[in-house]
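For what it's worth, my numbering labels the leading residue of the sequence shown as -3, then goes sequentially.
Read the structure below first, then the notes.
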Amino acid sequence: MTISVENPIFVEKVSAFERKSEDKTGDLKLDGGVLIPNMATKDDEAFLAPDMNAFGRQFRDFDAESERQKRVEEFYRLQHINQTVDFVTKMRAEYGKLDKKVMSIWECCELLNEVVDESDPDLDEPQIQHLLQSAEAIRKDYPNEDWLHLTALIHDLGKVITLPQFGGLPQWAVVGDTFPVGCAFDESNVHHKYFMENQDFHNKAYNTKNGIYSQRCGLNNVMMSWGHDDYMYLVAKENGSTLPSAGQFIIRYHSFYPLHTAREYTHLMNEEDKENLKWLHVFNKYDLYSKSKVHIDVEKVKPYYMSLIKKYFPENLRW
């Protein structure tokens, strides 16, 4: 049975990166002076982010003893061993051709019904429900930021590369937390111990803090572990999407938990990255805490998102 959730409500939690101050417009003022609109939700209507995930455990608990957690750990073992500079270079060259399929954004959303993320310890629902849950939550709290609603809807579409028609990549090459390759693997990465089996771990060119990069070089010049984040970013960029820079940044780095949660790898960021990261912090709360067993009525919200797709993307895209 599908339960229609027309107006889900999520409370905004001010992070350590945000100042609890407002200008005369009432907008929240973040570090660096950038203004981000306050959410529209009234306090007496606010939904408090749940303490537990769909399995009755804390969110992103990678140590809990369960069969699912064992599968998640095995996923990260394979990911950490295999995500190397050589592998990422090969994947970016292959998938950068965008020659797998021609289709619309909504067609890709429907394809995601066939994908379940094995790296996610919080939910095992089809991916389209996660997309709509996060998009509808942001839409309620930030009604004027339509680009952010669409970003939430499409942020995980790159997961289609695990499907046969897109190359059928193993899940360790598609999902999970992302991290830079070509420099030392920071200990904030989940299940860090498995990096010791990665060939780059012992390569002197790659195992220092900066590795092949320079301080403040900008994340755009850093190779990230290959997966759905980077793939969807390439699709959006090469197809001429007019999403703002912050939206494309969210798509590319929303799984980069060592940066946006542990605050590591900041030495590689430039000033534009720092500004865009503030929007990623807003987005991340909805990406994580909106995961639920309560389904969105897809047909009810589809017309709104179709209008946003038309605004920010061409009708058909190369994938």
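Here a beta-carbon is modelled for each residue, glycine too, at the ideal position from N, C-alpha and C.
Express the C-alpha separation of Leu153 and Gly236 in angstroms, rounding to a whole number.
17 Å
To which residues does DSSP link Leu313 through a beta bridge?
Met99
When the distance is taken between beta carbons, is Met220 closer than 8 Å to Thr174?
yes
CA-to-CA distance, Tyr249 to Val231, given in whole angstroms:
15 Å
Suppose the cutoff is 6 Å on Cβ atoms and the five residues either side in sequence are ignored; what does the same chain contact list for Asn266 look like?
Arg212 and Gly214
DSSP three-state call for Met265: helix, strand or coil?
coil
What is the DSSP secondary structure of Met219, reduced to helix, strand or coil?
coil
Under 8 Å by Cβ, that's how I've got Val278 and Leu128 pegged, so tell me the actual separation to the nearest angstrom.
Actually they do not touch by this definition, with Cβ atoms about 18 Å apart.
As assigned by DSSP and simplified to three states, the class of Pro139
coil
Is there a Cβ from chain C that is less than 8 Å from the Cβ of Asp269?
You won't find chain C in this structure, because it holds only one protein chain.
Work out the CA separation of Arg314 and Trp94 for me, nearest whole Å.
For the sequence presented, residue 94 should be read as Leu rather than Trp. For Leu94 and Arg314, the gap between their C-alpha atoms comes out near 5 Å.
What three-state label does DSSP hand Pro160 in the structure shown?
helix
Just tell me which of Val171, Glu141, Tyr253 and Gln167 has its CA closest to the CA of Leu239.
Glu141
From the DSSP output, in three-state form, read off Ala50 for me.
Bear in mind that the predicted position of Ala50 carries a pLDDT of just 45, short of 50, making it too unreliable to give a figure here.
Cβ-based burial, Pro160 [other Cβ within 10 Å; buried from 16]
exposed
Please find out if some non-hydrogen atom of the ligand FAD comes closer than 7 Å to the beta-carbon of Pro166.
Among the ligands in the structure shown, none appear at all, so the ligand FAD cannot be discussed.
Pro299, DSSP secondary structure in three states:
helix
Please classify Pro176: does DSSP put it in a helix, a strand, or coil?
strand
Are the Cβ atoms of Glu268 and Ser241 separated by less than 8 Å?
In this structure, Ser241 lies closer than 8 Å to Glu268 by Cβ.
Closest residue to Ala169 among Ile124, Asn312, Asn194 and Phe71 (Cα-Cα distance)
Phe71
Taking contact to mean at least 3 C-beta pairs separated by less than 8 Å, is the stretch 135 to 150 in contact with the stretch 176 to 194?
no
How would you write the range of the alpha helix (DSSP H) that His224 sits in, first residue to last?
Per DSSP, His224 is one residue of the alpha helix (DSSP H) stretching across His224 to Glu234.
Same chain, Cβ closer than 8 Å to Ile124, neighbours up to 5 away in sequence not counted:
Cys105, Glu106, Leu108, Asn109 and Val294
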